[in-house]
Every structure is written in structure tokens, then in C-alpha cells.
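As numbered in the numbering used here, the sequence shown has no gaps in its residue numbers, which increase by one up to the final residue, 235.
Here is the structure we will look at, set down as C-alpha cells.
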Amino acid sequence: MQITDVRVRKVAKEGKLKAVVSITIDDEFVVHDIKVIEGEKGLFIAMPSKKALDGEYRDIAHPINSGTRERIQTTILQKYEESLAEEPEMVVDGM
């Protein structure tokens, strides 16, 4: 499995959510709405999820082993960091 494309959409407002990402796998399959989140131990990803009838959130799509999850997370976080370097955050006058 190869991640052949990563699209990062940075979130402008302050908070723990830093970006929403789409990845393409093997130029054949796309997963949208992967979140980049700032946690207590640094950045991590959350796979796309949906609220179930019981109020719990359940992943819609997710890797089934830790090695694949780590590869996806490493690739996404690397692209996120690159996107920060390419486009510095805008500073609003007076703030």
C-alpha cells in the first residue's frame, strides 16, 4: 500500500483541530476527513468518524493494524508540517 497523494486543509481558528486531510491510496482509493489534532503528547490523527445512535463516535474507515496506522500518521504529519513551512500563519494587526 502506497499513499500516493495527501491534501492538507489547515484550520484557521484556534483550538485542538489543526487540519483536515484527504489521502489517496495507490492512486485508486481516497479517504477524506482525517483530522490532525493537537493532543497533550503532540500531534496525532483521527480517522473519519460518525456519531452513532448511542452518541458514541465510530470510525468510518480505519487501518486494521498498527503498522499501517503508523505509516499513515507519519505521512500525514510530515505533509502537515511541510504545509506550515510553505504558508506561515497570518497575523492579524492588533492581536
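Don't be surprised by glycine CBs; every beta carbon is placed ideally from N, CA and C.
Non-local C-beta neighbours of residue 200 in its own chain, meaning closer than 7 Å and more than five positions away in sequence, comprise 188, 189, 190, ordered along the chain. An exposed status is given to residue 204, since fewer than 16 other beta-carbon atoms sit within 10 Å of its beta-carbon. According to DSSP, residue 197 shares a beta bridge with 191.
Across the set 151, 180, 172, 209, the C-alpha of 172 shows the shortest separation from the C-alpha of residue 145. The alpha-carbon separation between residue 162 and residue 196 amounts to approximately 23 Å. In terms of CA proximity to residue 181, 156 leads the group 151, 148, 156. Residue 179 and residue 185 have their alpha carbons spaced roughly 10 Å apart.
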